[in-house]
DNA sequence: AGGTGAATGTAATGTTTATGTAAGGTGCTA
DNA sequence: TAGCACCTTACATAAACATTACATTCACCT
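Residue numbers (our numbering), protein chains in the order written: chain V, 87 to 307; chain B, 87 to 307.
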């Protein structure tokens, strides 16, 4: 689980509120302005973005527009002190996924985050640079298509779904190849080997760890 | 355009408000209770559902849960008089896509509807030069009639309806040929091949992508 | 330490399967 | 009976997958 959220907020009080509220629930990164945010955003995409409308360098709408130019799917939640409806309409029309007015309740904020991530994850899941797109049966690392075959796709998807947990060889077999677990064969190893090659080609590190005698584990640094 | 919205609302005042607000913008159907709603919902699904929490027969949460059992994608917007945050959290946790408290502003309501439909449509529409005319059973690319046969029409329509999403061979069979999925036959491939020919003849690109082992996908670049 | 065997890595090769498509057949409709 | 839509057959092809064979690594034993 442990989704990654980027928060663009300059108000010190709110920054602390966010940090407290998300402690242990979501992994967060805070940015004071649009410039810092985009610097990081280009490197690694989060699962959701919380955007304050009033910021020192560029206003939230500008940031939102720029985000939508490169990613029309990522959930963006707008936060604003202006509780008038004009702000809400403007933000939503520009492609925000949700809007919440200050002062807001932490409970509702979390519920809204949950909903927006749930919705986005129906189609696409991501895990530290790896993005699984179930619509097109592809997995990307930092935007690059790994070019996986069906078996490879299922295998890596399975491993990523259990990030940090070792998955037994037999379980992998059952899930990827079907019920018929065919005794002794090296097929699984070969596919893992292929996967590693393809991940390396796309600049990924040693994310598939061998657990001798047990199986394999996906490890995001 | 002209999206279809189902509204479940028993309060007469609000019913009139909705009808006025959506006049000419969206096509609407109003239901007084959950039973009527489901009767219609089973026959034809709308683009979005507006759900009042307080209803005579079953409450909105029950309806929401039942909707989510059969369709986890359709956007559901909850409306409630209870402006306390507990309602919002409850609704969103049960799988609502959005929440709006009475009394609400019509402007914001429409903005939220727009956002929710936009989001849902990200994965469903966007035809890129392809126009489907259901009245005459024809599909045009950049104004040119592709000259499709009925099966080809249904097939391409189905693929376009799921733009960006891979549709499984079996699903295509069920939808285009009917329930009788006839084991092993090459008919589907031949029709796809025909479709590709006709699209190419009319200047269309490689819009039908093969997903080996799964099915086909319509892709608008 | 160093040796040993089992488990795993992987290159190369062989096999299977899914799909593309041409050509011709069948049966309906006008 | 001509024309059309649709299906089947048949073969070609390429991708995916499995197997073999040998190399390497690691855990464990002495």
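Every residue, glycine too, gets a C-beta built ideally from N, C-alpha and C.
- For the 8 Å CB-CB criterion, residue 184 (chain V) and residue 198 (chain V) form a contact.
- For residue 275 (chain B), the uninterrupted alpha helix (DSSP H) segment begins and ends at 273–287.
- When rounded, the separation of the alpha-carbon atoms in residue 167 (chain B) and residue 189 (chain V) is 20 Å.
- Residues of the same chain with a CB within less than 7 Å of the CB of residue 151 (chain V), apart from the 5 flanking positions on each side, are 180 in chain order.
- Put simply, the region 107–124 of chain B does not touch the region 292–299 of chain V. Fewer than three CB pairs are less than 8 Å apart.
- If you check each beta-carbon in the region 96–129 of chain V against every beta-carbon of chain B, none falls closer than 9 Å.
- Relative to residue 241 (chain B), the option among B:261, B:233, B:250, B:251 whose CA is nearest is B:261.
- The C-beta of residue 112 (chain B) has 16 or more other C-beta atoms within 10 Å across all chains shown, which makes the residue buried.
- Residue 145 (chain V) sits away from residue 95 (chain V), with the two beta carbons spaced by 8 Å or more.
- Judged by DSSP in its simplified three-state form, residue 195 (chain V) adopts helix.
- Chain order gives the chain V residues near residue 303 (chain B) as 221, 222, where near means a beta carbon separation below 8 Å.
- Residue 302 (chain V) is bridged by DSSP to V:253, V:296.
- For residue 148 (chain B), no chain V residue has a Cβ inside 9 Å of its Cβ, as the nearest lies near 19 Å away.
- Assignment of residue 148 (chain B) by DSSP, reduced to helix, strand and coil, places it in the helix class.
- Contact of residue 167 (chain V) with chain B by beta-carbon distance below 9 Å is absent, the smallest such distance being about 16 Å.
- If you draw a straight line from the Cα of residue 155 (chain B) to the Cα of residue 182 (chain B), it comes to about 12 Å.
- Shortest Cα-Cα distance from residue 116 (chain B) to any of B:91, B:235, B:244 involves B:91.
- Under the DSSP assignment, residue 92 (chain V) falls in the beta strand (DSSP E) whose first and last residues are 90–94.
- Annotation: residue 185 (chain V) is outside any alpha helix (DSSP H); the continuous beta strand (DSSP E) that includes it extends over 184–187.
- CA-CA distance, residue 216 (chain B) to residue 229 (chain B), rounds to 8 Å.
- DSSP places residue 122 (chain V) in the uninterrupted alpha helix (DSSP H) bounded by 120–129.
- Within chain B, the C-beta atoms nearer than 9 Å to that of residue 236 (chain V) come from 297, 298, 299, 300, in chain order.
- The beta-carbon distance between residue 250 (chain V) and residue 284 (chain V), rounded to whole angstroms, is 21 Å. This is too long to meet the 8 Å contact definition.
- Membership of residue 117 (chain V) in the beta strand (DSSP E) is indicated by the continuous run 113–117.
- Your pair residue 218 (chain V) and residue 243 (chain V) checks out as a contact, with CB atoms roughly 6 Å apart and the cut at 8 Å.
- If you draw a straight line from the Cα of residue 202 (chain B) to the Cα of residue 294 (chain B), it is about 28 Å long.
- Interface annotation, residue 201 (chain V): in contact with chain B, CB-CB separation under 8 Å.
- The closest CA to that of residue 140 (chain V), considering only V:131, V:158, V:165, is found on V:165.
- Residue contact check for residue 291 (chain B) against chain V: no CB pair falls below 8 Å.
- Residue 127 (chain V) has its alpha-carbon roughly 18 Å from the corresponding atom of residue 290 (chain V).
- Look at residue 157 (chain V): its C-beta is not under 8 Å from any C-beta on chain B.
- At a beta-carbon threshold of 7 Å, the residues of chain V lying near residue 198 (chain B) are 178, ordered along the chain.
- Only 250, 251, 252 from the region 242–259 of chain B bring a Cβ to less than 8 Å from some Cβ of chain V.
- DSSP places residue 246 (chain V) in the uninterrupted alpha helix (DSSP H) bounded by 236–247.
- Counting only the Cα atoms, residue 220 (chain V) lies some 39 Å from residue 101 (chain B).
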